[in-house]
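Student: Sending over a structure as structure tokens; questions will come in a sec.
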DNA sequence: CTCAAATAGTTGCACATGCAAGTATATTAC
DNA sequence: GTAATATACTTGCATGTGCAACTATTTGAG
């Protein structure tokens, strides 16, 4: 079954690395990495979640999230609070400074995405999202 | 322009990390990382290319490729040869052992991809590839 | 209730990543 | 032909990644 010449892994990694590099360069002025931005952007959407939940949302291991959150706390963008009902768990709060930063960065992320979507119809974008989401589900 | 709820970066990184993790677990029995496999698979397709060309093909910086090739050479899967016409350049050759390894691994990679494509029609797969390739081009 | 298993989190390791700065060679400008 | 620029590659650094092994707490089986 030679469906097309290129493997999924190669296609995905090339595209992911390109997007990540471009995002990384844009984020230098904010002294953030794409991964750090990804986590505070998620906390901006859903505050007061546990590290475990944040790991699941962003498809990373808890251990990875621990280390990135360490850096976000050091930068004053996130605080760690205890869960009153589960003393093992840590709940994360985004600070006002964190929210401001996300607000500043979001339009610049959109610029990059708009450029990536050059020549795409709205239908193409929706289809692409649907297919990628389905891929992701199958890989769970 | 709020096209859909999820950002491209989040979708892409989640899916990429999932696929990479599953591939990584499969490759443990071969003592290879997904990135190492990716490079020798590319060399299996096109032998005797320079590190620069390999970097471009896989969308990585030359510096990253240098380091992964170091490991492949140590494992005896790749050799470095000099370019007779350009003494700066290094040309890479995959060894017989390297080719055998790629041959063994390829069907297992296809298994993972087939699982990822569960519920996809052939048309969906082709469309997905076309859209991702277009994304990648726009990001160049 | 008690003890085993599961869960949330952390730390140490090896590897991937890319930028900055370096060397060596090739190309281009004049 | 020589000097400036570009190119191929390498090394050092900081960060992200996930597995293994660890602690602390909660859940569940009996």
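Residue numbers (UniProt numbering), protein chains in the order written: chain X, 1 to 140; chain U, 1 to 140.
Glycine is no exception: its CB is placed at the ideal position from the N, C-alpha and C atoms.
For chain X, find out if any of its Cβ atoms is closer than 7 Å to the Cβ of residue 18 (chain U); answer yes or no.
Tutor: Here residue 18 (chain U) is taken as the residue at index 18 of the second chain, counted from 1. Residue 18 (chain U) counts as touching chain X.
Student: Cβ of residue 79 (chain U) less than 7 Å from any chain X Cβ?
Tutor: In the second chain, counting from the first residue as 1, residue 79 (chain U) sits at position 79. No, its Cβ sits nowhere closer than 7 Å to a Cβ of chain X.
Student: Kindly provide the ranges of any alpha helix (DSSP H) runs that are 4 or more residues long and lie completely inside the UniProt domain "HTH marR-type" (5-137) of chain U, ordered along the chain.
Tutor: Fully enclosed alpha helix (DSSP H) runs of 4 or longer: 8-27, 34-45, 51-58, 62-74 and 96-116.
Student: Quick check: residue 94 (chain X) and residue 11 (chain U), are their CB atoms within less than 7 Å of each other?
Tutor: Counting from one through the first chain, the residue named residue 94 (chain X) turns up at place 94. Counting from one through the second chain, the residue named residue 11 (chain U) turns up at place 11. Their beta carbons are not under 7 Å apart, which means residue 94 (chain X) does not touch residue 11 (chain U) by this criterion.
Student: For a contact meaning CB atoms closer than 8 Å, what does residue 128 (chain U) contact in chain X?
Tutor: For the purposes of this step, residue 128 (chain U) is taken as the residue at position 128 of the second chain. Per Cβ cutoff of 8 Å: 128, 131, 132 and 135.
Student: Run down chain U in chain order and give the residues with a C-beta less than 7 Å from the C-beta of residue 124 (chain X).
Tutor: The count along the first chain starts at 1 and reaches residue 124 (chain X) at position 124. Within chain U, the residues near residue 124 (chain X) are 131.
Student: Assuming contact is defined by CB atoms lying nearer than 7 Å, are residue 40 (chain U) and residue 81 (chain U) in contact in what I supplied?
Tutor: Position 40 of the second chain, counting from 1, holds the residue named residue 40 (chain U). Position 81 of the second chain, counting from 1, holds the residue named residue 81 (chain U). Result no, Cβ atoms of residue 40 (chain U) and residue 81 (chain U) do not sit closer than 7 Å.
Student: Relative to the alpha-carbon of residue 120 (chain U), which residue among X:139, X:64 and X:134 has its alpha-carbon at the smallest distance?
Tutor: Along the second chain, one-based indexing puts residue 120 (chain U) at 120. Among X:139, X:64 and X:134, the Cα nearest to that of residue 120 (chain U) is on X:134.
Student: Have a look at X:23, X:9, X:8 and X:129 and flag the residue whose alpha-carbon is nearest the alpha-carbon of residue 140 (chain U).
Tutor: One-based indexing of the second chain puts residue 140 (chain U) at position 140. When each option's Cα is compared against that of residue 140 (chain U), the closest is X:23.
Student: Going along the segment 58-89 of chain U in order, which residues come within less than 7 Å of chain X, judged by CB to CB distance?
Tutor: Those residues of the segment 58-89 of chain U that come within reach of chain X (Cβ to Cβ, closer than 7 Å) are 58, 59 and 60.
Student: Check whether the segment 106-119 of chain U and the segment 61-76 of chain U are in contact - that is, three or more C-beta pairs closer than 8 Å.
Tutor: These segments do not touch.
Student: What are the residues in the segment 20-31 of chain X lying within 9 Å of chain U by C-beta distance?
Tutor: For the segment 20-31 of chain X, which is checked against every Cβ of chain U, the residues closer than 9 Å are 20, 21, 22 and 23.
Student: Answer yes or no: do residue 15 (chain X) and residue 136 (chain U) have a C-beta to C-beta separation smaller than 7 Å?
Tutor: By one-based count along the first chain, residue 15 (chain X) stands at place 15. By one-based count along the second chain, residue 136 (chain U) stands at place 136. In this structure, residue 136 (chain U) lies closer than 7 Å to residue 15 (chain X) by Cβ.
Student: Quick check: the Cα distance between residue 20 (chain U) and residue 9 (chain X), rounded to an integer number of angstroms?
Tutor: Residue numbering aside, residue 20 (chain U) sits at position 20 when the second chain is read from its first letter. Residue numbering aside, residue 9 (chain X) sits at position 9 when the first chain is read from its first letter. Going from the Cα of residue 20 (chain U) to the Cα of residue 9 (chain X) covers about 8 Å.
Student: Considering Cα atoms alone, identify which of X:56, X:57 and X:29 is closest to residue 104 (chain X).
Tutor: Stepping through the first chain from its first residue, residue 104 (chain X) is reached at position 104. The candidate whose alpha carbon is nearest that of residue 104 (chain X) is X:29.
Student: What whole-angstrom Cβ distance do residue 18 (chain U) and residue 53 (chain X) have, given they're in contact under 8 Å?
Tutor: Taking the first residue of the second chain as 1, we reach residue 18 (chain U) at position 18. Taking the first residue of the first chain as 1, we reach residue 53 (chain X) at position 53. Actually they do not touch by this definition, with Cβ atoms about 17 Å apart.
Student: Can you have a look at residue 118 (chain X) and say buried or exposed, based on whether 16 or more other CB atoms are within 10 angstroms of its CB?
Tutor: Here the question's residue 118 (chain X) lines up with position 118 in the first chain. Per the 10 Å Cβ criterion, exposed.
Student: Please report whether the beta-carbon of residue 54 (chain U) lies at a distance below 7 Å from any beta-carbon of chain X.
Tutor: As a working note, residue 54 (chain U) is residue 54 in the second chain. Not closer than 7 Å to any Cβ of chain X, the Cβ of residue 54 (chain U) fails to qualify, so no.
Student: Would you call residue 31 (chain U) buried or exposed, if buried means 16 or more other Cβ atoms sit within 10 Å of its Cβ?
Tutor: Residue 31 (chain U) sits at position 31 when you count from the first residue of the second chain. Under this definition residue 31 (chain U) is an exposed residue.
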